[in-house]
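Asker: Residue numbers (full-length UniProt numbering), protein chains in the order written: chain A, 1 to 351; chain B, 1 to 351.
The C-beta atom is built at its ideal place from N, Cα and C for all residues, glycine as well.
This one's a predicted model, so the numbers in the text were calculated from it and none came from an experiment.
The structure follows.
2 protein chains.
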Amino acid sequence: MASERSRVTASDVAKLVGVHVSTVSRAMNPQTRGLVAGDVAQRVLAAAASLGYAPNSLAAGLRTRRSFTIGVVLPDITNPVFPPILRGIQEVLEAEGYVPIVADAGPEAGRPEAGRPEAGRRETVVERLIARQVDGLILATSLRHDPVLTLCRARQIPVVLVNRVTEDSGFSGVVSDDQRGMKLAVDHLAALGHRSIGHISGPLELSTGHGRLQGFRQAMAQQGLAVPADAVTTAAAYSRDAGREATNRLLTQAPGLTAIVAANDLLALGCYDALAAAGLDCPGDMSVVGHNDMPLVDMVDPPLTTVRIRHHEMGTEAARLLLRQIAGAAEGFDLVLRPDLIVRASTAPPR
Amino acid sequence: MASERSRVTASDVAKLVGVHVSTVSRAMNPQTRGLVAGDVAQRVLAAAASLGYAPNSLAAGLRTRRSFTIGVVLPDITNPVFPPILRGIQEVLEAEGYVPIVADAGPEAGRPEAGRPEAGRRETVVERLIARQVDGLILATSLRHDPVLTLCRARQIPVVLVNRVTEDSGFSGVVSDDQRGMKLAVDHLAALGHRSIGHISGPLELSTGHGRLQGFRQAMAQQGLAVPADAVTTAAAYSRDAGREATNRLLTQAPGLTAIVAANDLLALGCYDALAAAGLDCPGDMSVVGHNDMPLVDMVDPPLTTVRIRHHEMGTEAARLLLRQIAGAAEGFDLVLRPDLIVRASTAPPR
DNA sequence: CTGAAAGCGCTTACAG
DNA sequence: CTGAAAGCGCTTACAG
Chain A
1 MASERSRVTA SDVAKLVGVH VSTVSRAMNP QTRGLVAGDV AQRVLAAAAS
51 LGYAPNSLAA GLRTRRSFTI GVVLPDITNP VFPPILRGIQ EVLEAEGYVP
101 IVADAGPEAG RPEAGRPEAG RRETVVERLI ARQVDGLILA TSLRHDPVLT
151 LCRARQIPVV LVNRVTEDSG FSGVVSDDQR GMKLAVDHLA ALGHRSIGHI
201 SGPLELSTGH GRLQGFRQAM AQQGLAVPAD AVTTAAAYSR DAGREATNRL
251 LTQAPGLTAI VAANDLLALG CYDALAAAGL DCPGDMSVVG HNDMPLVDMV
301 DPPLTTVRIR HHEMGTEAAR LLLRQIAGAA EGFDLVLRPD LIVRASTAPP
351 R
Chain B
1 MASERSRVTA SDVAKLVGVH VSTVSRAMNP QTRGLVAGDV AQRVLAAAAS
51 LGYAPNSLAA GLRTRRSFTI GVVLPDITNP VFPPILRGIQ EVLEAEGYVP
101 IVADAGPEAG RPEAGRPEAG RRETVVERLI ARQVDGLILA TSLRHDPVLT
151 LCRARQIPVV LVNRVTEDSG FSGVVSDDQR GMKLAVDHLA ALGHRSIGHI
201 SGPLELSTGH GRLQGFRQAM AQQGLAVPAD AVTTAAAYSR DAGREATNRL
251 LTQAPGLTAI VAANDLLALG CYDALAAAGL DCPGDMSVVG HNDMPLVDMV
301 DPPLTTVRIR HHEMGTEAAR LLLRQIAGAA EGFDLVLRPD LIVRASTAPP
351 R
């Protein structure tokens, strides 16, 4: 029963050893252990072990004004992009004695405002985390222009953005080099002989949606390839459904396309759905490139050519950046990770 | 900068309104608000809002001996089975004012003891969570006989198991009905005309590995079908690689099989890999059934026939069970969720 | 090297 | 209905 929980405290240990609680406190903490006589420290540690004592970190946090807790806000843990990021975050936090409190801002797809859980909800989540005294925040939910961030700034809490960043300066972030990612995709398609290449962009209020679209245009320009207005369409969300719908639009408005670069893998998979429904063969009738290289896209039919993003590293670097910021180091720069192209079977020369 | 964080406390609000902190405390908490005069409560709330005050939950927790924090231990957040469970947990916790602290016990595959992160690591994780004063634990990592649970019992902390359970009694758990799941799979295959059906089991120290194997044998017996010893093999872990290796063993030791029931989808996908490498067609030469219905298995080639488990519900029910236990309700029963068979294209009549 | 004291920010009997 | 006091379990100047 919860009510019966035996709580052993520092004063139990102190009593057993015959010292003052403050001595117990000093002996327990490796940082201050040196202040205590060697044999006393040994006896304290032994007594603690025998009683099963561990310092109550809530109490310690109250006193030191640190919770050793980090809030991690994700748009949707169910999206395969985020677990590896979270894993990376956890690994480095754990090594430093921190723990993540994960808050899911809610499913993205199927929402009234697909692509972005409403700002109200996202603000509430951040407020709650702050009330819980998190020492910092890692946000994977930010918009290019995001009211939630002004709240964070007002609260003066250390923040690092990951995957999606903001354009409001002053926040550090870890992202993939979308410019380069799109160049890799477009160059590959161009090398295969494609000239009419379309793009399904992600929601433009997200940095990835906007940035990849820019990257696409730039890469096409470098190849001397035109991008007529109807060769680009914006998906309502980063979801398979939205990808299918976007592809249908493209099929109607730009019938001459021989290849599509999707802003992420889910969108590319929706592309597959639409192509199949239209009786078109991939890559025979249409080449498709994704972005992310999420798990299992090597097993879909056909295996997806995609831009691999280093999600795990995004997580570790974001956590490191945050920890440094908490330690008082200067903030305000972005870390840009270099993606790779993974060529599989969804791309081929145009017929 | 972290050092500059402005902390507004109850006494700031009290000063502003001209009341005592205890009145602020009562007014802030909906439970005790009734004890305060209506207009005073209003003024407190207004002042709190204007100052951006939210009670410090660390301090409150210290006083009330509750952290409103739940430890969630997963074997691997990167395994697509767990995100929906976590999401379910989060949803109900959040509604009740709790927050999950997610601890990843580490990758399963590729470990010395594949399938089970070493007990030492798992114990450390639980110890840390307890030191953080979590009010309860949800474990998705338990073994059929698990030393970590004796630790939990010693600490008298509320625990609910999810997905994987233990055979040591006294712990509540939420699981899928593996008996039924396997019967669905075997009956489907038998109806297609298969008589020689093999099984790739999960690690037998996990309840899912053991339970699905039992379910397989029982369903086969009910169909009057024999299960020769070499028609069953145990995978080293729930991973695609282990599934490939297990399939290779089966292909050698039981060449007459026309169908394989895998204990989960990852294993089934490894099965695809091995079949392809051996130049065998699925479902032409070999039908394959998975278990879980994880995301994207409808898009692999061929789309996978599998047993769908209600992961999201597993999470919500586990959280509810835990909350009830924390509230002092009796514990010690399992919740068994009913799975469904999803027939896709990896199963067909034998040639 | 160690003890005594104060205080982190709350909540909750206890008076009135 | 409200205030004053005590105390949750730590940590850390401050003495000695």
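Hey, how far is the Cα of V289(A) from the Cα of T234(A)?
Answerer: Cα to Cα, V289(A) sits roughly 16 angstroms from T234(A).
Asker: Who are residue 352(A)'s beta bridge partners in DSSP?
Answerer: With chain A covering 1 to 351 only, the question about residue 352(A) has no answer from this structure.
Asker: Please compile the residues from chain B whose C-beta is within a distance smaller than 7 angstroms of the C-beta of L269(A).
Answerer: Going along chain B in sequence order, the residues near L269(A) (Cβ under 7 angstroms) are M299.
Asker: Count the CB pairs spanning the stretch 68-76 of chain B and the stretch 124-134 of chain B that are closer than 8 angstroms, and state whether there are at least three.
Answerer: Result yes; three or more Cβ-Cβ pairs closer than 8 angstroms.
Asker: Give me, in chain order, the residues of the same chain whose beta-carbon lies closer than 6 angstroms to that of L139(B); leave out the 5 immediate sequence neighbours on both sides.
Answerer: Closer than 6 angstroms at Cβ, skipping near neighbours: V73, L161.
Asker: In the DSSP assignment, what are the bridge partners of L342(B)?
Answerer: Going by the sequence as given, residue 342(B) is Ile instead of Leu. I342(B) is bridged to T306(B).
Asker: Can you tell me whether A348(B) is buried or exposed? The criterion is at least 16 other CB atoms within 10 Å of its CB, across all chains shown.
Answerer: Under this definition A348(B) is a buried residue.
Asker: Checking contacts by CB at 7 angstroms: is L86(A) closer than that to chain B?
Answerer: L86(A) counts as touching chain B.
Asker: Where does the unbroken alpha helix (DSSP H) through N248(A) begin, and where does it stop?
Answerer: Segment 240-253, the alpha helix (DSSP H) holding N248(A).
Asker: Using a Cβ-Cβ distance cut-off of 7 angstroms, determine whether G332(A) contacts chain B.
Answerer: It does not; no Cβ of chain B falls within 7 angstroms.
Asker: Return the bridge partner residues of D334(A) from the DSSP annotation.
Answerer: The partner list for D334(A) (beta bridge, DSSP) reads G173(A).
Asker: Quick check: is the beta carbon of Q179(A) nearer than 7 angstroms to any beta carbon in chain B?
Answerer: For Q179(A), the answer is no, since every Cβ of chain B falls outside 7 angstroms of its Cβ.
Asker: Quick one: residues in its chain with C-beta nearer than 8 angstroms to the C-beta of L337(A), no 5 flanking neighbours on either side, listed in chain order?
Answerer: For L337(A), where only same-chain residues beyond five positions count, the Cβ hits under 8 angstroms are V174, V175, S176, D177, I309, R310, E313, M314, E317.
Asker: If you draw a straight line from the C-alpha of A191(B) to the C-alpha of M286(B), how long is it?
Answerer: Roughly 15 angstroms between the two C-alpha positions.
Asker: I want to verify the contact list: residues of chain A whose CB lies under 9 angstroms from the CB of I101(B), in sequence order.
Answerer: Residues of chain A passing the Cβ test: T69, V99, P100, I101, V102.
Asker: For the structure I just gave you, are there three or more beta carbon pairs, one from the stretch 191-202 of chain B and one from the stretch 213-222 of chain B, closer than 8 angstroms?
Answerer: Output reads yes: the stretch 213-222 of chain B touches the stretch 191-202 of chain B.
Asker: Hey, is R122(A)'s beta-carbon within less than 7 angstroms of any beta-carbon in chain B?
Answerer: So, not an interface residue.
Asker: Which class does V289(A) belong to by DSSP, given the choice of helix, strand or coil?
Answerer: Reduced to three states, the DSSP call for V289(A) is strand.
Asker: Would you kindly work out how many angstroms separate the C-alpha atoms of residue 360(B) and E123(B), rounded to a whole number?
Answerer: Outside the shown range of chain B (1 to 351) lies residue 360(B), about which nothing can therefore be said.
Asker: Comparing the C-beta of I77(A) with each C-beta of chain B, is any distance below 7 angstroms?
Answerer: Yes, its Cβ sits closer than 7 angstroms to a Cβ of chain B.
Asker: Please compile the residues from chain A whose C-beta is within a distance smaller than 7 angstroms of the C-beta of E317(B).
Answerer: Under the 7 angstroms cutoff, chain A gives no residues; its nearest Cβ is about 18 angstroms from E317(B).
Asker: Evaluate A278(A) with the Cβ neighbour count: other Cβ atoms within 10 Å of its Cβ, from every protein chain shown; 16 or more gives buried, anything less gives exposed.
Answerer: So A278(A) counts as exposed.
Asker: Check whether the Cβ of G170(A) lies closer than 7 angstroms to any Cβ atom in chain B.
Answerer: Chain B contact via Cβ: absent.
Asker: Does any residue of chain A have a CB that is nearer than 7 angstroms to the CB of P83(B)?
Answerer: So yes, P83(B) belongs to the interface.
Asker: Helix or strand or just coil, what does DSSP make of A67(A)?
Answerer: Per the sequence shown, residue 67(A) should be read as Ser rather than Ala. Note: S67(A) maps to coil in three-state DSSP.
Asker: Against N292(A), what residues of chain B qualify as contacts under a CB-to-CB distance less than 8 angstroms, listed in chain order?
Answerer: The contacting residues do not exist; N292(A) stays about 13 angstroms from chain B at best.
Asker: Alpha carbon to alpha carbon, how far is S172(B) from Y98(B)?
Answerer: Their backbone Cα atoms lie some 20 angstroms apart in a straight line.
Asker: Under a Cβ-count criterion, where at least 16 other Cβ atoms within 10 Å of its own Cβ denotes burial, should D334(B) be classed as buried or exposed?
Answerer: When all chains shown are included, D334(B) counts as exposed.
Asker: What is the DSSP secondary structure of P84(B), reduced to helix, strand or coil?
Answerer: Three-state result, P84(B): helix.
Asker: Taking Cβ positions only, does G61(B) come closer than 7 angstroms to chain A?
Answerer: Yes, contact with chain A.
Asker: What does the alpha-carbon distance come out to for the pair R180(B) and S207(B)?
Answerer: Cα to Cα, the separation comes out at about 15 angstroms.
Asker: Any C-beta of chain B within less than 9 angstroms: which residues of the UniProt domain "HTH lacI-type" (8-64) of chain A qualify?
Answerer: Here the close residues are G52, A54, P55, N56, S57, L58, A59, G61, L62.
Asker: Between L296(A) and chain B, is any beta-carbon pair separated by less than 7 angstroms?
Answerer: For L296(A), the answer is yes, since a Cβ of chain B falls inside 7 angstroms of its Cβ.
Asker: For P75(A) and A10(A), which I take to be in contact (beta-carbon distance under 8 angstroms), what is that distance rounded to the nearest angstrom?
Answerer: With 8 angstroms as the limit, P75(A) and A10(A) do not qualify as a contact, their Cβ atoms being about 41 angstroms apart.
Asker: Using a cut-off of 8 angstroms between C-beta atoms, extract the partners of E245(A) located in chain B.
Answerer: Those do not exist, as E245(A) stays about 17 angstroms from chain B at its closest Cβ, beyond 8 angstroms.
Asker: Can you give the Cα-Cα distance for A219(B) and V186(B), rounded to whole angstroms?
Answerer: Roughly 6 angstroms between the two C-alpha positions.
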